[in-house]
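One line per chain: the protein sequences are L and C, in this order. Each residue of the first sequence is one higher than the one before, counting from 1 in full-length UniProt numbering. Each residue of the second sequence is one higher than the one before, counting from 1 in full-length UniProt numbering. What follows is a set of notes on a single structure, which appears directly below.
There are 2 protein chains.
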Amino acid sequence: MIDKGSSGGGVVSASPITMMESTAENEEVNTTMRTAETLLRLVPMALCVTALVIMLKNSQSTDFGSLSYSDLGAFRYLVHANGICAGYSLLSAIVAVMPRSFTMPHAWTFFFLDQGLTYLILAAGAVSSEVLYLAYKGDTSITWSAQCGYFGGFCHKATASVVITFVTVAFYAVLSLLSSYKLFSRYDAPVDYPAKGIEIPAFQG
Amino acid sequence: MIDKGSSGGGVVSASPITMMESTAENEEVNTTMRTAETLLRLVPMALCVTALVIMLKNSQSTDFGSLSYSDLGAFRYLVHANGICAGYSLLSAIVAVMPRSFTMPHAWTFFFLDQGLTYLILAAGAVSSEVLYLAYKGDTSITWSAQCGYFGGFCHKATASVVITFVTVAFYAVLSLLSSYKLFSRYDAPVDYPAKGIEIPAFQG
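Here it is in structure tokens:
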């Protein structure tokens, strides 16, 4: 990211040759950025699939009974959220890798979907952590007993899935930052910056 | 929000008189924007205080026993999150209303804190909804019984508090959008926009 002021100053004496050089350089930066963004979208895809598979296969039968992820609403929601996340991550990685111009509707779509996915996955991680917390600790005042003593294997796998989900949240928080940068850097800064009124007429020579 | 291109075109023939006029106009837009942002920060403050007070006063004693918000970890977290939210909303409203120039560190601080608060409040709302869901429905496979049949008043008040918390989340999502706009509109757009390379030399005419 380059500050507007310094970038403007840097190209004051731009000749056609430096323009061509800068276009080639831009092309390179461009490819690097696209690759970085694609990777940043493929990693959460892998994480979501992992969290999804761990949770899907999570069931345990003991002498006390049997417990499966589908018995708990929070874990069902976690599986759905991770499925949506994996699908969206793959699709958005494909769109991000394609070398074509990035229009405003694209930027707005990425912005809204990235933010929405972040909230969706964060909520899934949060509700599942709460269920795990209750399963480990119980709550005597509301007569809910700790169940992880009986279903230790189930709780361990569920914890692994939830931890991976929170790592995904971190990746999505960064992706949200990136997509807001890509969207809002194309807009003018709001008027409450004194520098703005001086800079624009200077550009017009 | 004005698109860079159209704004650049609009001031090509800027004379000193139109500049003065535009400064006065900017000042007006500026004040309106500041007032709008301050209101947008004061509303969630009121909401957070309401959700906090409802939850803090929430306890019920019946023949089956007594239940208070502090018996449940999720509701304790909700109270803390709403307290932090109320404090931050007030402080940020005070900072937003002050008529002074908005520097980059300010913009970054607002951006990170607004995003962080959104995640914090969303997580609080999510874990509390999960507890309410279990309290209303119970989960026989994990031996947790529905308790809202015994503690109806408690559950109703908790639901009200959680709903208000989700309204706060919506306000904070908008505030996050606003603070990312205020931050990233001050940066140059990334290089993968073909228009960029042509536009800058044109400005240097």
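Here a beta-carbon is modelled for each residue, glycine too, at the ideal position from N, C-alpha and C.
> Alpha carbon to alpha carbon, how far is Trp108 of chain L from Asp63 of chain L?
Replying inline: Reading the first sequence from its first residue, position 108 is the one you call residue 108 of chain L. Reading the first sequence from its first residue, position 63 is the one you call residue 63 of chain L. Rounded to the nearest angstrom, the two C-alpha atoms are 53 angstroms apart.
> Nearest-angstrom Cα distance between Asp188 of chain C and Ser128 of chain C?
Replying inline: Mapped onto the second sequence, residue 188 of chain C falls at position 188. Mapped onto the second sequence, residue 128 of chain C falls at position 128. Approximately 41 angstroms, taken between the alpha carbons.
> Rounded C-beta distance between Ala124 of chain C and Leu78 of chain C? I'm assuming under 8 angstroms.
Replying inline: To locate residue 124 of chain C, count along the second sequence from 1; it is residue 124. To locate residue 78 of chain C, count along the second sequence from 1; it is residue 78. Contact between Ala124 of chain C and Leu78 of chain C holds, since their C-beta atoms are separated by about 5 angstroms, short of 8 angstroms.
> Rounded to a whole number of angstroms, what is the C-alpha to C-alpha distance between Leu47 of chain L and Asp71 of chain L?
Replying inline: Taking the first residue of the first sequence as 1, we reach residue 47 of chain L at position 47. Taking the first residue of the first sequence as 1, we reach residue 71 of chain L at position 71. Across the structure, Leu47 of chain L and Asp71 of chain L are spaced so that their CA atoms are roughly 23 angstroms apart.
>> Would you call the stretch 151-162 of chain L in contact with the stretch 152-159 of chain C, where contact means no fewer than 3 C-beta pairs closer than 8 angstroms?
In response: Taking 8 angstroms as the limit for Cβ pairs, the verdict is that the stretch 152-159 of chain C does not touch the stretch 151-162 of chain L.
> In terms of residue numbering, what span does the beta strand (DSSP E) encompassing Gly65 of chain L cover?
Replying inline: Taking the first sequence and counting its residues from 1, one reaches residue 65 of chain L at position 65. Annotation for Gly65 of chain L: the continuous beta strand (DSSP E) segment containing it runs Gly65 to Ser68.
> Would DSSP call Gln147 of chain L helix, strand or coil?
Replying inline: For this step, residue 147 of chain L is matched to residue 147 along the first sequence. Correct three-state label for Gln147 of chain L: coil.
> Can you list, in chain order, the residues of the stretch 141-170 of chain C whose Cβ is nearer than 7 angstroms to any Cβ on chain L?
Replying inline: Along the stretch 141-170 of chain C, the positions whose C-beta sits under 7 angstroms from a C-beta of chain L are Ser141, Ile142, Thr143, Trp144, Ser145 and Gln147, read in chain order.
>> Just to check my reading of the structure: Leu52 of chain L and Ala86 of chain L have Cβ atoms closer than 8 angstroms, yes? What is that Cβ distance to the nearest angstrom?
In response: As a position in the first sequence, residue 52 of chain L is number 52, starting the count at 1. As a position in the first sequence, residue 86 of chain L is number 86, starting the count at 1. Yes, they are in contact, since the Cβ atoms of Leu52 of chain L and Ala86 of chain L sit about 6 angstroms apart, within 8 angstroms.
>> On the CB-based measure, 16 or more other CB atoms within 10 Å of its CB, does Pro190 of chain L come out buried or exposed?
In response: Position 190 of the first sequence, counting from 1, holds the residue named residue 190 of chain L. Taking all protein chains in view, the Cβ of Pro190 of chain L is crowded by 16 or more other Cβ atoms within 10 Å, so the residue is classified as buried.
> Listing by chain order, which chain L residues have their CB less than 8 angstroms from the CB of Asp139 of chain C?
Replying inline: Within the second sequence, residue 139 of chain C is the residue found at index 139, counting from 1. Correct list: Asp71, Leu72 and Gly73.
>> Between C:Trp144, C:Val167 and C:Val163, which has its C-alpha nearest Ser141 of chain L's C-alpha?
In response: Position 141 of the first sequence, counting from 1, holds the residue named residue 141 of chain L. The residue with the shortest Cα to Cα distance from Ser141 of chain L is C:Trp144.
>> For Val29 of chain L, count the other beta carbons within 10 Å of its own beta carbon; 16 or more makes it buried, fewer makes it exposed. Which is it?
In response: As a first step, residue 29 of chain L is located in the first sequence; it is residue number 29 there, counting from the start. With fewer than 16 Cβ atoms within 10 Å of its Cβ, Val29 of chain L is classed as exposed.
>> So with CB distances below 8 angstroms, who are the chain L contacts of Val127 of chain C?
In response: Position 127 of the second sequence, counted from the start, is the residue given in the question as residue 127 of chain C. Ordered by position in chain L, the residues that pass the 8 angstroms Cβ test against Val127 of chain C are Ala126, Val127, Ser129 and Glu130.
>> As a quick exercise: from L:Glu25, L:Val97 and L:Glu130, pick the residue whose alpha carbon is nearest that of Thr163 of chain L.
In response: Reading the first sequence from its first residue, position 163 is the one you call residue 163 of chain L. A small correction: the amino acid at residue 163 of chain L is Val; Thr does not occupy that position in the sequence shown. With distances taken between Cα atoms, Val163 of chain L lies closest to L:Glu130.
>> Against chain C, with Cβ distances strictly below 7 angstroms, would Ser92 of chain L count as a contact?
In response: The count along the first sequence starts at 1 and reaches residue 92 of chain L at position 92. Output row for Ser92 of chain L: interface = no.
>> What does the Cβ neighbour count give for Leu178 of chain L, buried or exposed, with the cut at 16 atoms within 10 Å?
In response: The count along the first sequence starts at 1 and reaches residue 178 of chain L at position 178. So Leu178 of chain L counts as buried.
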